[in-house]
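Residue numbers (the working numbering), protein chains in the order written: chain P, 87 to 575; chain W, 6 to 540; chain Z, 57 to 223.
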């Protein structure tokens with residue numbers, strides 16, 4: 087067992103990622119502390135943690151964003167480090183700084199790195215300055231009065247998005263320059279509402295773009311390695327739903343090029359901890375998109391192929407330890423796919439769904455990993471992100487992995503709340519998906535996966551047979567009349 | 006029980022000609038039924054739509070359990086009356102399954118003359134309620150009738166079996182513990198107001214449903230009070246103020262759902278047990294009936310061939326096969342129910358009358374329902390037969406038919422004339438149901454015979470006045486008499502006047518009888534008791 | 057009158073009829089079967105449709121039936137005819153704007169007593185990243201707004217009650 091400068095880690099997060107972090111903490115012999123809003127008191131993460139500290143807020147979300155309370159909770163729990171997970175405050179430089187100033191180790195990169203990469207415009211300028219490929223773009227604040235003209239100069243198609251944004255919030259695709267002004271207005275209002283910052287930027291939109299990202303890992307000594315790429319092109323409403331590694335879009339040359347570019351960018355920012363450099367790939371060209379200075383939702387696929395525990399690596403980095411391996415030591419094996427199980431109804435425009443989990447059973451098997459934060463009896467609300475669990479599978483080939491993931495999604499039993507499991511399973515069995523021809527517009531181009539397999543008769547049959555009034559009406563009909571059917575004279 | 010071996014040759018020319026003829030008759034029947042049921046002037050259907058009302062057929066289909074049979078009765082009532090302008094006598098009546106329960110449905114058809122009651126409408130409703138009484142069938146009334154057709158009030162108001170009988174029968178049913186559920190789907194005024202009021206359960210559809218003794222115009226004429234139908238007798242008022250109705254329904258479908266829920270909750274007395282076995286289809290196809298029934302109604306045909314196409318496995322236990330052969334008697338099963346069959350196989354004479362009387366008493370003792378298959382021109386006439394006491398023996402048969410307490414069912418297969426009509430459980434003898442095949446003729450005497458007699462009488466009258474008629478003149482007298490006689494002895498006339506419970510396509514007979522038999526077993530079978538048989 | 061189940065907002069009418077091998081299921085004009093279900097306890101069972109057997113996991117919550125069959129999960133709601141048909145015009149003269157999905161109110165555009173015409177924006181809701189404008193279905197008067205900005209609601213919750221305007 088290695089000795090670390092702290093023995094307790096506070097998790098400033100909830101749900102599946104909190105559970106996932108606790109598992110690593112246990113493995114490393116560390117104590118886990120979690121904070122929770124009352125709405126989450128009966129969740130798996132809270133029951134698994136060694137210590138749980140309640141926090142308050144005028145909304146549950148506000149509680150998880152309350153830096154003062156989080157630091158107080160870390161003190162209460164006698165924690166030495168704080169893991170922010172993803173989302174919430176994970177990419178908030180102010181938070182990272184506050185954590186450090188309060189004397190805790192922040193499990194993540196330096197606040198300056200977060201700050202730099204958190205600002206899309208600064209990040210892109212930085213990357214461009216270092217000679218890495220960036221898509222043609224127009225940054226509003228460079229010269230706000232000429233923004234429209236400069237955006238127009240990029241040419242259609244182009245993308246307008248909030249400077250402060252992430253995760254696809256407020257993004258607008260403009261295919262005809264006539265719509266540019268409307269798109270800017272829309273993006274601005276959403277940017278203001280989501281991020282409290284209405285600055286925008288526009289960039290070249292790549293048609294049929296593929297989303298490739300590279301996992302990087304750095305220590306406090308300037309060592310950076312990449313852990314190869316992940317492809318996250320299957321997206322709905324700009325949100326990833328299926329991620330995999332290796333990317334079926336890359337040949338060895340391109341893979342090496344893109345991965346080395348990512349590592350070089352990380353090195354340029356002196357990156358510590360786990361991070362992800364995201365690229366847009368189209369027509370053999372790739373552009374830097376952004377860098378996420380945190381653990382990604384889809385990190386498990388990389389863990390499956392590299393055999394590394396990224397949370398453990400983050401903890402080591404935060405503890406000031408040097409990387410124990412070099413780039414050459416990292417040899418990915420096989421193919422891993424992650425599917426995100428959401429509480430949503432794809433058929434109804436991905437509207438979020440709610441309910442209470444009455445039955446929850448995950449299938450097992452070799453190369454099957456399920457990162458879940460939910461448990462039976464739990465109420466699913468729309469308060470937080472609708473992700474319920476992640477299904478991660480590992481196999482030798484992509485085809486095998488896809489079929490294994492499909493099987494797991496089909497065998498998984500979650501009753502009480504509508505999920506996208508069926509939809510995910512249909513994608514994983516879809517010919518186009520299997521043919522590797524995926525891109526960010528895959529779902530729009532293949533609407534059949536949205537509605538496929540809609541034979542309801544077994545469900546109606548089972549429901550009818552399980553419903554007493556329906557059975558009673560059938561049983562009440564005299565035998566003679568039942569045998570005569572709908573006879574009319 | 007032995008299986009009847011049919012000797013019919015389906016390839017014979019005669020069979021095939023019969024088949025063509027009878028299929029045509031069946032098609033004509035279906036056509037007439039279809040017109041009666043569905044053919045309405047567009048303006049009447051529009052009016053229903055404007056009033057937010059469903060067509061009566063749709064109401065009934067919604068009320069019934071899906072995929073269960075509905076035996077509609079007297080579909081063609083009034084088809085020869087009122088210039089054919091009141092199809093079905095503006096009423097739909099039938100036996101069906103509602104929430105698993107056998108019920109009789111009585112529904113006013115508001116698409117015909119606003120659902121007004123004509124004399125035959127009342128006859129049809131009274132008959133429906135008689136069926137309910139005799140068979141203890143719960144009744145669902147779908148009320149949508151603004152009152153009687155006043156120009157004809159003398160034919161439906163005051164007499165014993167006129168409109169009052171509806172209310173009387175309703176009261177009797179209630180006294181017997183046979184429940185009734187009524188839905189007021191339209192205006193129920195005057196006598197019609199009492200139909201829901203006398204039902205054990207009453208539902209009103211909010212909006213179109215209203216119950217009042219006199220509608221707004223009547224009130225205005227009588228007292229000068231100006232009041233809307235809604236205020237006067239609307240659903241809201243009757244379910245919350247007057248207590249005249251029990252349930253407020255927001256729509257017709259809601260009302261039907263409430264009615265179904267009520268029927269589901271009704272007490273279900275055990276049905277009368279009679280000998281029953283698992284059912285078996287006949288060994289011969291029912292469609293062969295078309296080839297067996299002669300296209301010329303005067304041609305005699307073998308009733309055992311008919312029986313073979315009605316009963317389970319075509320099995321027939323014949324009684325007194327060697328005696329009284331103009332009346333075939335024996336036991337068989339129909340959808341598993343044991344029945345006793347009496348079928349005319351020639352003119353009734355002494356031995357057949359005695360055989361029938363005896364067989365009826367056997368069945369009665371044995372709690373075996375009776376099926377009469379009529380093809381009778383009556384009892385034999387002549388000195389010889391009177392001397393043998395045929396009237397005396399005929400009286401025995403009539404006494405037995407009248408006294409039998411097991412349910413009786415009559416199918417008029419072809420001819421139904423003279424005292425044969427009576428002795429073979431005609432309408433007057435309260436069989437639970439009477440059905441008629443399309444080509445049947447029902448009259449005191451055969452048409453030819455009667456026309457002959459009437460022509461003869463007329464010729465004699467003229468002769469007394471000194472005239473003498475040529476063959477052509479005789480024919481000129483005879484033809485219209487024959488025409489009118491034929492018309493009024495046809496099955497269509499009989500069913501128009503509700504002398505039966507409906508014309509059946511012969512192939513439907515087995516199913517119709519099964520439904521009727523099952524319905525009849527809702528009433529207990531009394532112990533046999535007879536009057537004095539003239540020995 | 058058939059029984060009715062709602063799946064994803066669509067009503068499916070069906071009827072079971074007894075038959076020697078179990079039941080026949082009528083779905084519209086189609087008859088499926090024979091169908092039978094054997095309960096194996098703890099929310100699992102075997103459904104057989106025309107002798108083909110399928111594993112079923114189920115959970116029954118009042119009139120809501122959660123089913124997992126053949127790798128697919130569906131939620132079906134039994135529509136009690138008495139309730140379903142009664143609701144048709146529960147409060148005559150009143151209209152309700154229902155939530156198409158669970159979410160939170162982000163803006164209210166009207167106030168009680170205000171006259172609105174068909175299509176007027178009443179309220180803006182958000183479900184995760186989806187903003188939806190709830191509009192008035194017809195000319196009416198706003199009677200009641202049931203949620204304040206920032207309040208969350210479930211699917212089918214009544215957001216705004218309108219009354220038909222008395223002119």
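Even glycine gets a Cβ: it sits at the ideal position worked out from N, Cα and C.
As the structure is a computational prediction, the values presented were derived from the model and not from experiment.
- Using a CB distance below 8 Å, no part of the region 161-174 of chain P faces chain Z.
- Counting other Cβ atoms within 10 Å of its Cβ, residue 177 of chain P reaches 16 or more and is therefore classed as buried.
- DSSP, reduced to helix, strand and coil, places residue 419 of chain W within a strand of the structure shown.
- Taking a beta-carbon distance threshold of 8 Å, residue 266 of chain W counts as an interface residue toward chain Z.
- Scanning the region 450-491 of chain W for uninterrupted alpha helix (DSSP H) segments of 4 residues or longer gives 452-469, listed from N- to C-terminal end.
- The criterion of a C-beta distance shorter than 8 Å is satisfied by residue 285 of chain P and residue 227 of chain P.
- By the neighbour-count definition (other C-beta atoms within 10 Å, threshold 16), residue 51 of chain W is an exposed residue.
- If you keep only unbroken beta strand (DSSP E) runs of at least 3 residues inside the region 148-203 of chain P, you get 167-169.
- Taking a cut-off of 8 Å for Cβ pairs, the region 113-127 of chain Z and the region 452-459 of chain P do not touch, as fewer than three such pairs fall below it.
- Residue 260 of chain W places its beta carbon less than 8 Å from that of residue 210 of chain W.
- By the neighbour-count definition (other C-beta atoms within 10 Å, threshold 16), residue 485 of chain W is an exposed residue.
- Interface annotation, residue 93 of chain Z: in contact with chain P, CB-CB separation under 8 Å.
- Under the three-pair Cβ rule at 8 Å, the region 517-533 of chain P does not count as touching the region 32-41 of chain W.
- In this structure, residue 546 of chain P places its C-beta atom within 8 Å of the C-beta atom of residue 83 of chain Z.
- Taking the Cα of residue 300 of chain P as reference, the smallest distance to any Cα among P:250, P:102, P:494 and P:333 is reached at P:333.
- DSSP, read as helix, strand or coil, puts residue 412 of chain W in coil.
- Per DSSP, reduced to three states, the secondary structure at residue 446 of chain W is strand.
- When only Cα atoms are considered, residue 369 of chain W and residue 476 of chain W end up about 53 Å apart.
- By the CB criterion at 8 Å, residue 129 of chain Z and residue 501 of chain P fall inside the cutoff.
- Counting only the Cα atoms, residue 480 of chain W lies some 10 Å from residue 487 of chain W.
- Counting only residues of its own chain and dropping the five nearest sequence neighbours on each side, residue 58 of chain Z has a CB closer than 7 Å to the CB of 69, 70 and 71.
- The residue from Z:161, Z:194, Z:89 and Z:153 with its alpha-carbon nearest to that of residue 181 of chain Z is Z:161.
- Identification of residues in the region 540-553 of chain P having a C-beta nearer than 7 Å to some C-beta of chain Z yields 542, 543, 544, 545, 546, 547, 548, 549, 550, 551, 552 and 553, given in sequence order.
- Rounded to whole angstroms, residue 110 of chain Z and residue 240 of chain P show a C-alpha spacing of 56 Å.
- Here residue 192 of chain P is buried: its Cβ has 16 or more other Cβ atoms, across all protein chains shown, within 10 Å.
- In this structure, DSSP gives residue 126 of chain W a helical state, which the three-state scheme calls helix.
- Annotated as proximal: residue 58 of chain W and residue 257 of chain W, with beta-carbon spacing under 8 Å.
- Taking residue 110 of chain P as the centre and dropping the five residues before and after it, the same chain places the C-beta of 395, 397 and 398 closer than 7 Å to its C-beta, in chain order.
- If you draw a straight line from the Cα of residue 225 of chain W to the Cα of residue 514 of chain W, it comes to about 52 Å.
- For residue 326 of chain P, no alpha helix (DSSP H) run applies; the uninterrupted beta strand (DSSP E) run containing it begins and ends at 325-331, by DSSP.
- By the Cβ criterion, the region 422-431 of chain P is in contact with the region 468-485 of chain P, since at least three pairs of Cβ atoms, one from each stretch, lie closer than 8 Å.
- Note on residue 328 of chain W: under 16 other CB atoms within 10 angstroms of its CB, so exposed under the neighbour-count rule.
- Residue 476 of chain P has P:426 and P:457 as its beta-bridge partners, per DSSP.
- Cα atoms of residue 20 of chain W and residue 100 of chain Z: separation of roughly 60 Å, rounded to the nearest angstrom.
- For residue 368 of chain P, the uninterrupted beta strand (DSSP E) segment begins and ends at 359-368.
- One Cα belongs to residue 402 of chain P, the other to residue 141 of chain P, and the distance between them is close to 28 Å.
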